[in-house]
Amino acid sequence: MPLKFSVLSLFPQQVRQALDFSMTRRALEKGLIELETVDIRDFAVNEYGQVDDAPYGGGRGMVMMCEPIYRAWQSVVSDSQDVRTIYLSPAGQVFDHRKAREYSVEEQLVFICGHYEGVDRRVLDQIGVEEVSIGNFILTGGELAATVMIDAISRFIPGVLPDEEAWRIDSFSDGLLEWPQYTRPAVWREREVPGVLRSGHQADIDRERRLMQLLETLQKKPFLLQQTPIDPQLWELLAERLAMQRDALDESTE
């Protein structure tokens with residue numbers, strides 16, 4: 159059974175349009191994933207289509223009401239299927255590579271996309287949502303965050319990527335950033351591709367790429383190195399490489 163993504167939104171067309179390209183489009187066409195978008199306005203509390211109201215206690219903006227969201231949620235869940243419901247919120251746990259892989263084995267994921275000043279807390283508690291964030295910043299609504307998560311999660315589903323092993327060498331797949339990539343020409347504007355990558359010796363190439371991974375991670379996201387077991391020999395090679403870079407820098411400044 160394919161993983162079913164159900165997105166509850168005031169702007170469902172935004173979700174459809176964002177996922178109607180490239181990898182996710184092919185996955186949908188092949189039936190590897192399912193996408194269901196639900197307009198929360200279809201479950202409005204009155205004939206005027208009301209889905210929000212002023213916040214208790216005063217304050218700016220409007221708050222999305224409980225009942226339309228709860229009805230929309232009930233319309234997509236069933237007792238026969240395991241469901242995890244995600245509320246996109248800057249206050250939530252930050253979404254990452256490991257979480258994407260964890261979600262990829264679920265039967266159904268429901269995304270609640272907030273807008274305005276947010277969602278009445280009671281409906282989130284009633285449903286039992288997982289609050290998830292894609293970063294420490296604010297978006298206009300949860301739709302973009304939902305599409306980011308759907309894209310990342312889908313990569314782990316068998317058949318979605320053209321190369322079944324592709325995700326295994328992505329950044330974060332082993333806890334580190336991916337190594338830098340190069341293609342032709344070998345020399346571009348006096349910048350040369352590292353010679354070992356053109357040597358044809360796969361063992362040397364693999365070792366060089368691993369060193370590049372370590373350097374890339376050390377320079378850009380060093381905290382990841384504390385979370386990932388590294389072969390002691392690689393640490394020694396990394397120290398040698400850093401010493402060589404330092405010596406080269408010293409020579410260039412003399």
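Quick note: the sequence shown uses our numbering, first residue 159, plus one each step. Just so it is clear, CB atoms sit at the ideal spot from N, CA and C, and this is done for glycine as well.
| Item | Value |
| --- | --- |
| Nearest-angstrom Cα separation, counted from S164 out to A310 | 15 angstroms |
| Residue range of the alpha helix (DSSP H) that includes V306 | 301-312 |
| Alpha helix (DSSP H) segment containing L376, residue limits | 360-378 |
| Supposed close pair I270, G293 - CB separation, criterion 8 angstroms | Not quite, the Cβ-Cβ distance comes to about 18 angstroms (not below 8 angstroms), so this is no contact. |
| Rounded separation between S329 and L373 - CA only | At S329, the pLDDT of 47 sits below 50, so the modelled position is not reliable and the matter cannot be decided from this model. |
| Straight-line gap, Q385 to G333 (C-alpha atoms, nearest Å) | 7 angstroms |
| Proximity below 8 angstroms, CB of V196 to CB of V234 | yes |
| Run of the alpha helix (DSSP H) containing V173, from where it starts to where it stops | 170-177 |
| First through last residue of the beta strand (DSSP E) which encompasses Y245 | 241-252 |
| CB of A258 within 8 angstroms of CB of F201, strictly | no |
| Residues that W346 bridges to, as DSSP identifies them | R349 |
| Unbroken alpha helix (DSSP H) run spanning T182, endpoints | 180-187 |
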